[in-house]
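In my numbering, the protein residues as written are 630 to 1854.
Below is the structure:
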């Protein structure tokens, strides 16, 4: 039979697109298929395999198909099996039919698997080439791996301490804190993972020190290859921003000052740019040091504001954006001189060298420990496979030659998610000329950076193969999954969000999704909807936080869709049908709110299928059993012992536990239990004696029997299994306890043994946040599904709710004292020996910024994955304070000149999915239906963009009304007459305390609570309680959410203000204070964990410096000997002076802290620092806000010091304004 290598013509009945057809048949070189979401890549892969077997008469043994998961490999085999069976049924040529039949029998053994499975086969065949024992056990449990690594590190660390080398102590000190050396352990383990993702880990480690061996920053590769291009790119963007500012204001006489400001600062940018191009970094540093931004010349005339208000705001936004980007350059690269940057690198060099030595030793010791135990992990499989493929025998590579001769083609699915090590293995297996790699993937769906996937491998081929440099590129753009509304919405968002700067690849015309499934009926019901919960509304007490509010928003919408008969298109039936619960999925960024979802959906009667709550060890019954195992191992643990005694296993009450404690207050609780049981003869002692007998029996049993047998005995003797069946969700609890036996058996098959290690195993899982999912009790039919975005990849659902859209991005990995990069290596923060302050090296800043960009790029790709899971209807769920706050956030990109939003609007660490999406929607014509306050620049592409969407701002009270309709009806029970004394019950319930005023106040009040009273001194004489005041205490109208219930959010003004006050309190006031002193103080507070890095970044150093340079600032410095800062005070006031209706003769303690005052012999000057943004327009508002507070401070000082307060200064750091309230009406 002849073989035709050309692409055959497509038959009229073939449903494949031209691109798919090319992907099925093209060959003769390496091929990269960029397959967008829903483009049918799996069908193309299967058809390509079949055509290889059919047209080229290849055997499945001649193909290597690499998939990302075992499930994908199984699905691939099933599809190929089905295709082969169909081919056998229709084939008339007997020879070809026999060929297909042979392939069918060989299919189970075909190399269609994950790369790890294939590597295992390589090792089993060629283990002798590297002298490896082929009988090994796979180390697959993550917690077992962590424990083994920690054991190795504990032993190795002691060895290093015994060597007593000063440099090791410096290394430990640099990455740990004064409480423990766990920081170095975290670094060693993280560095191990990163190094092992490289083909040659030791080579990568050796290269880490190179960037620290630097003599001149301007001559370094680091500056020329990375830092300078990045700075020049940013400066060009700043220059363009100023040009927009000039274009908007030029020619308007009233705005001439704005134009001149922009031109002057643009000229400075051009000077900096030119100086950087000349490599004169010392001059650049001096220029940045001398930069002082003038106050924005906002016109004050009312008629000018009315006429040119939009232009003034537009120009100010441009100016603020330019300032922000220029400040970022200064903070990253020129906060210290180039000479000091080099000195920091040189000072860090010996620490990095020692780190490399220690890391190599750890890799060697850990590898030796695994060999000793006969274990391999997945990374070992890859490294040993690469070693086997590269091993030469008599100048020949036998393994490499074997596989290159065997495989006609190597097909790689999900190519965007491989790393450099895996890429090297594939290169060793494939032939060079002609290339026989067939790679399929979509870099826009690369979301496994935490597994060290490297999307740049895909991106490089994507660009190279476009010019047929090393291969050929095929793009599958057609989406056969989703409705046009979903695709248009996704395109609208990503054409403005994703490019090479943030996203790592352009979302151009070739990347846009194209509608490939046209059978969906036309209707307006499928426009994507944004469900926005308004946090600042009147919130019912049963909505505990904004996350619960969002979940109630989602649950009520689902009930409405079901109850109102919302219809979706059934692709199998080819007709519309009513929506079912099983058509709906909730996609979450994390699993952190899954328990709340369970609770809310249960209240509203919505069936839920959620298999990855990962709260197994948090369930009550498991916590009891874990506590019991802890005290069986060691009863001298107070909290676990008290937990077991309080549990149904013993059944003591809190009062009884207290009685036991009193029996022996100063000793361990276990001693108190023994003492009480011996010295008392009551019911408590009886139960304690019985339990102690059981406990001793279990402890003895645990020494000689397995954990599983111990658990069975405990269940039998306590009947705890039966007990939990009577609890809510009893079947699930029963299954959880039985699953504990199976998990104990699994544990004992690992490399660890014994009860102590099992307890440690569980504690380590909890410490590392690696809980397990609960075992399923029964299949839930027709239920809403909940899964993470990562878990949804490759799946599709008729209706998608994308949850928690306003959650800020998790950038914790960039806030450690070290950062890694494949090319740049390692960046570290340096703990200086003399000052004990942590300082950033320029390499740390560079790598950190690069990592932040990669992290945000991956977040962007996660959003793409989430949006493209929807077949028909898409809901985006999140929250803002209110509609005004949402539009204010989204409007930041409203005047953007380009289609793609400026990088500064897309790379914010505190941004969220909702911020991103909102900014892309804000310039679309649909938004004209919702807001007209903010001016918008609409590029032509957006004006005619076919996308549509809806906004729904949901008030908490609206949710409450809907929820009430779905809650079960409460029926009133009739009580027979004479059963109880109704009047007596009423008297008790309606009893009134004779001194009600005393119950409605406290013995103290804070200044912040009372400041409204002191807005005007006359208020103290005239104050009366209004209907809204039901207590004799001034409080904030809203209670703050407890920290343990608060999700990560943007920093509040109060938090930033508190941090600023702390800095001002500790700042040494002296003549000629330099900015570096302020920066050093803040860095020290961060290193001592007094401030978080997030808060530190928000402190306005510029505002502090302007204040110190002001008249009042210099006055304070000159009179520092008379200065009192952060001075606490207290004074007593009669209650009836505060509350006119208060009848009792009580006094109330007023307390607070005064920011500062100067005390002289005959007078006092009072001042209070504020971080509010000052503008002339807000001046009266700010005065009214704080007048009462300073009046109170004034009264307190005058009473305590018996001196008059001559001035009360209100100082605004943001705006550099000082107001004397005693001279201001």
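Don't be surprised by glycine CBs; every beta carbon is placed ideally from N, CA and C.
Under the three-pair Cβ rule at 8 Å, the region 910–930 counts as touching the region 960–971. Distance between residue 1095 and residue 1136, taken at the CA atoms: about 15 Å. Taking the Cα positions, residue 1060 is about 53 Å away from residue 873.
Secondary structure of residue 1802 (DSSP, three-state): strand. Your pair residue 741 and residue 694 checks out as a contact, with CB atoms roughly 4 Å apart and the cut at 8 Å. The DSSP-derived three-state label of residue 1144 is strand. Nearest in C-alpha terms to residue 1044, of all of 697, 1453, 889, is 697. The C-beta separation of residue 1413 from residue 1172 comes to about 20 Å, leaving the pair out of contact by the 8 Å criterion.
In this structure residue 1523 is buried. Its beta-carbon is surrounded by 16 or more other beta-carbon atoms within 10 angstroms. Residues 1125, 1126, 1522, 1548, 1549 of the same chain have their beta carbon placed closer than 8 Å to that of residue 1530, with the five preceding and five following residues left out of the count. Excluding the 5 residues flanking it on each side, residue 1014 has same chain C-beta neighbours closer than 7 Å at 748, 751, 752, 1054, in chain order.
Counted as a single uninterrupted DSSP element, the beta strand (DSSP E) harbouring residue 1207 occupies residues 1204–1207.
The three-state secondary structure of residue 1168, taken from DSSP, is coil. Under the three-state reduction of DSSP, residue 1785 is assigned to strand. Straight across, the Cα-Cα distance linking residue 1496 with residue 1109 is about 15 Å. Here the alpha carbon of residue 1560 sits roughly 20 Å from the alpha carbon of residue 1166. Counted as a single uninterrupted DSSP element, the beta strand (DSSP E) harbouring residue 1763 occupies residues 1752–1763. Taking one beta carbon from each stretch, the region 1022–1035 and the region 790–809 have fewer than 3 pairs nearer than 8 Å; the two do not touch.
If you draw a straight line from the Cα of residue 1191 to the Cα of residue 1361, it is about 27 Å long. For residue 718, no beta strand (DSSP E) segment is defined; the enclosing uninterrupted segment is the alpha helix (DSSP H) at 699–719. Scanning 662, 861, 1344, 1315 for the CA closest to the CA of residue 1088 turns up 662. Residue 910 and residue 964 have their alpha carbons spaced roughly 12 Å apart. Here residue 1345 is exposed: its Cβ has fewer than 16 other Cβ atoms, across all protein chains shown, within 10 Å. A residue is called buried once 16 or more other Cβ atoms fall within 10 Å of its Cβ, and residue 647, having fewer, is exposed. For residue 743 against residue 712, the beta-carbon gap comes to about 21 Å, at or over 8 Å, which does not count as contact.
Per the coordinates, the alpha-carbon of residue 1734 lies some 7 Å from the alpha-carbon of residue 1704. One thing to note: residue 846 has its Cβ within 8 Å of the Cβ of residue 852.
Per DSSP, residue 1262 lies in no beta strand (DSSP E) segment; the continuous alpha helix (DSSP H) that holds it begins and ends at 1249–1262.
The criterion of a C-beta distance shorter than 8 Å is not satisfied by residue 1255 and residue 1331. By the Cβ rule, the region 759–775 counts as touching the region 997–1014, because three or more pairs are nearer than 8 Å. In the structure shown, residue 1161 falls within a strand segment according to DSSP collapsed to helix, strand and coil. Note: residue 1584 is not bridge-paired with any residue in the DSSP secondary-structure output.
The beta carbon of residue 1426 sits closer than 8 Å to those of 1212, 1213, 1214, 1414, 1498, 1499, 1500, all from its chain and outside the five residues before and after it, given in chain order. Less than 8 Å divides the Cβ of residue 1132 from the Cβ of residue 1486.
Contact between residue 1844 and residue 1803 is confirmed by a C-beta separation of about 3 Å, below the 8 Å threshold.
Residue 635 counts as exposed, since fewer than 16 other beta carbons sit within 10 angstroms of its beta carbon.
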